[in-house]
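Notes to accompany the following structure.
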Amino acid sequence: MFEEYKDKEGQVVNGIVQRVEGRNVFVDLGKSVGILFPSEQIEGENYRVGQHLKVYLVRVESDTKGPGLLLSRAHPEMVRHLFSLEVPEIFTGTVEIKAIAREAGSRTKIAVFSAEEGVDPIGSCVGQKGTRVQAIIDELGGEKIDIIEWNENVEKFIAAALSPAKVLSAKLFEAERRTLVKVPNDQLSLAIGKRGQNVRLAAKLTGWKIDVMSDDLPKITDDTQLTTDDQSGETSEKIATEETAPAVPVEEVATEGAETKE
């Protein structure tokens, strides 16, 4: 039985809630029972006995009483596997998920890409009339999902990651793996997002620290702008440091990524 579940490690499996003890949820997977700890639950979700549930099998541990199955609904990889189940193009490899940034129960950003000519990676994930992505949103209890197109050009990728805000320019500080982006003044709040969530997820998705400033500031030196750290995720004021490289205009940025409705 251990080997049977070990083969399913890192996959999404179906189960039924067997019992709830305190905040721990025990899920019957057929031949064994897994546990969903509070840290692996989607914030705000309530679980009831008999409820059918999709869960991500994080790890299988050997135990004298049988395999110990550690489950998750908050893991970023759960989103990847749900898309693989709903989107044939992802299942076959025609469309690839390059990166995922998730704050479970609230919002997820995913970056998708296709090397095949004529394939629309965003459209494939959204589906006709949004049916594919909506099925995943429903499975995750209404969690918002932003789908953007991955780009090997860092400036364009970062600009797309900040969608739905429009990025006017991006300046890279490669040694620090940090970028300073300029957005229209009326979109500064949109770029940062509620409690810094949009820029925080964009930083996680791209792997770059992102500083945001509005275009009504004429220079990108000695000016105060809002910034986020991709590790701490906290938003604060910061003074930009001048570099010799000029700001890089971002042209033809794919900001048409799919964003779920509020």
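Numbered according to the working numbering, the sequence shown terminates at residue 268, and the numbering increases by one at each position without gaps.
Each residue gets a CB set at the ideal place from its N, CA and C atoms; glycine is no exception.
Checklist entry - Is there contact here, the segment 136-143 with the segment 166-173, by at least three beta-carbon pairs under 8 Å? => result Not touching, per the Cβ criterion.
Next on the checklist: Determine whether the beta carbon atoms of residue 77 and residue 62 lie at a separation below 8 Å.
Outcome noted: The answer is yes: Cβ separation under 8 Å.
Next on the checklist: DSSP three-state label for residue 43, please.
Outcome noted: Correct three-state label for residue 43: coil.
Item to check | Residue closest to residue 118, alpha-carbon to alpha-carbon, out of 131, 213 and 38 | outcome: Among 131, 213 and 38, the Cα nearest to that of residue 118 is on 131.
Item to check | the segment 44-54 contacting the segment 88-96, beta-carbon criterion three pairs below 8 Å | outcome: Between the segment 44-54 and the segment 88-96, the count of C-beta pairs closer than 8 Å stays below three; the two stretches do not touch.
Item to check | Backbone secondary structure at residue 149 - three-state DSSP | outcome: Secondary structure at residue 149: coil, using DSSP grouped into helix, strand and coil.
Next on the checklist: Which runs of the alpha helix (DSSP H) at least 4 residues long sit entirely within the segment 79-154? Give them in chain order.
Outcome noted: You should have 82-92, 94-98, 127-132 and 137-145.
Checklist entry - Which stretch, first to last residue, makes up the beta strand (DSSP E) that contains residue 215? => result 215-220 is the span of the beta strand (DSSP E), which, as asked, contains residue 215.
Checklist entry - By the 10 Å Cβ neighbour count, where 16 or more other Cβ atoms means buried, how is residue 200 classified, buried or exposed? => result Burial is judged here by how many other beta carbons sit within 10 angstroms of a residue's own beta carbon; residue 200 has fewer than 16 and is exposed.
Item to check | Whole-angstrom distance between residue 150 and residue 39, CA atom to CA atom | outcome: Just so you know, the alpha carbons of residue 39 and residue 150 end up roughly 30 Å apart.
Item to check | Pair within 8 Å by beta-carbon distance, residue 100 and residue 122 | outcome: Contact: yes.
Checklist entry - Are the beta-carbon atoms of residue 42 and residue 33 separated by less than 8 Å? => result Contact: yes.
Checklist entry - Comparing alpha-carbon positions, which option in 22, 87, 26 and 86 lies nearest residue 58? => result Ranking 22, 87, 26 and 86 by Cα distance to residue 58 puts 22 first.
Next on the checklist: Please classify residue 127 as buried or exposed, where buried requires at least 16 other C-beta atoms within 10 Å of its C-beta.
Outcome noted: With 16 or more neighbouring CB atoms inside 10 Å of its own CB, residue 127 falls in the buried class.
Checklist entry - Which class does residue 176 belong to by DSSP, given the choice of helix, strand or coil? => result Strand, per DSSP.
Next on the checklist: Closest to residue 154 by C-alpha separation, out of 83, 116, 88 and 31, would be which residue?
Outcome noted: Per the Cα distances, 116.
Item to check | Proximity below 8 Å, CB of residue 85 to CB of residue 114 | outcome: Yes.
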